[in-house]
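Asks:
What follows is the structure, given as structure tokens:
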């Protein structure tokens, strides 16, 4: 019997039924492979990556912590490396509340319980472990250990 492969979203760690390849959409962070993760440096501030009302834009100091060469390359039509853009999208997702988004219909906060009834930030932060990301360390690397986001993550993941 062949062992079934398990696939995870490289942004939020959600278990997917198939590889996160071009056109695949994560039902959790609602990011599309081959669209949201293929961005030129010059598009980073203009491409509509924040189309759902729960995503929060990163300020320039946050962007630089995730994409260190952004200031130097921001005018180039050169792809942001995949792992960096995934980290950027992960930071946007976390800053926005780490919600399970599912789709456009369910982007209203009062509908989250209907999409994934047992969804919590703890579940969101724990699923990041599946892709080798410690939520506390990731948050601390961007917002610092004095930030409310970091303190909350430490409390949640006790």
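Numbering (this note's numbering), first residue to last: 1 to 158.
Here a beta-carbon is modelled for each residue, glycine too, at the ideal position from N, C-alpha and C.
1. Tell me whether residue 89 sits in a helix, a strand or coil according to DSSP, three-state version.
2. Would you mind working out which of 15, 86 and 76 sits nearest residue 43, comparing C-alpha positions?
3. To the nearest angstrom, how far is it from the Cα of residue 16 to the Cα of residue 7?
4. The alpha helix (DSSP H) with residue 127 in it runs from where to where?
5. Could you say if the stretch 130-149 and the stretch 89-96 meet the contact criterion of at least three C-beta pairs nearer than 8 Å?
6. Helix or strand or just coil, what does DSSP make of residue 78?
7. Which term fits residue 68, buried or exposed, when burial requires 16 or more other beta carbons within 10 angstroms of its beta carbon?
8. State the beta-bridge partners of residue 16 as determined by DSSP.
Replies: Reading off the structure:
1. Secondary structure at residue 89: helix, using DSSP grouped into helix, strand and coil.
2. Looking only at 15, 86 and 76, the smallest Cα-Cα distance to residue 43 is reached by 76.
3. The straight-line gap separating the alpha-carbon atoms of residue 16 and residue 7 is approximately 5 Å.
4. Taken as a continuous stretch (DSSP letters only), the alpha helix (DSSP H) holding residue 127 covers 121-127.
5. Touching, yes.
6. Coil, per DSSP.
7. With fewer than 16 other Cβ atoms within 10 Å, it is exposed.
8. DSSP lists 7 as partners of residue 16.
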